[in-house]
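Enquirer: Position one of the sequence shown corresponds to residue 0 (numbering that gives the first Met the number 0), numbered consecutively onward.
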Amino acid sequence: MGRRNMTSRSSEAIFWSLFAAGGVLAALLMPITILSIGILGPLEWEWFAKATSFTGIQDLLNFPLIRVITAIVLTLISMHAVHRIRHLIIDMHVPLHPSLVAFIAYTAAFGVAGLIAASLVLI
């Protein structure tokens with residue numbers, strides 16, 4: 000009585016933690032990104048105009064630590080987005096098995112992560 004079958008564990012906790020981390024990063028970084036790139040850069044404030052130019056971003060990405068941090072942040076945000084899309088598809092009762100939806104979604108997210116890492120290495 001009260002015992003659970005320990006052989007049927009789920010990996011949902013791992014993906015839930017990646018979802019939460021991506022959501023927190025998106026919530027913290029997106030307003031700053033919108034303010035600096037979308038508002039202050041086009042208003043041509045000197046520091047923001049230089050920082051958001053092609054050469055400014057290229058100079059910033061010359062540091063390996065910044066590349067690693069950028070790859071991690073973009074990967075977690077893409078995991079957050081894919082997790083939301085996965086649960087949206089399940090909630091809309093799309094006639095696909097939930098395991099298939101999870102496989103497609105997370106494969107796409109890890110594919111995006113690979114593209115992000117490859118593009119940052121090649122810069």
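We put the CB at the ideal spot given by N, CA and C, even for glycine.
1) Give the C-beta separation of Phe14 and His79 to the nearest angstrom, bearing in mind that I take them to be a contact with Cβ-Cβ under 8 Å.
2) Once the 5 residues before and after Gly22 are set aside, which same chain residues still bring their CB inside 7 Å of it?
3) Between which two residues does the alpha helix (DSSP H) carrying Leu73 extend?
4) Nearest-angstrom Cα distance between Trp44 and Ile56?
5) Can you name the start and end residues of the alpha helix (DSSP H) that Gly21 belongs to?
6) Is the Cβ-Cβ distance between Ala70 and Ile31 less than 7 Å?
7) Tell me which same chain residues have a C-beta within less than 7 Å of the C-beta of Arg8, skipping the five on either side of it?
Expert: This is what the structure holds:
1) Incorrect: roughly 10 Å between the Cβ atoms, too far for contact.
2) His79
3) Pro63 to Asp90
4) Rounded to the nearest angstrom, the two C-alpha atoms are 16 Å apart.
5) Glu11 to Thr32
6) In this structure, Ala70 lies away from Ile31, with their beta-carbon atoms at least 7 Å apart.
7) When the five nearest sequence neighbours on each side are left out, no beta carbon in the same chain lies closer than 7 Å to the beta carbon of Arg8.
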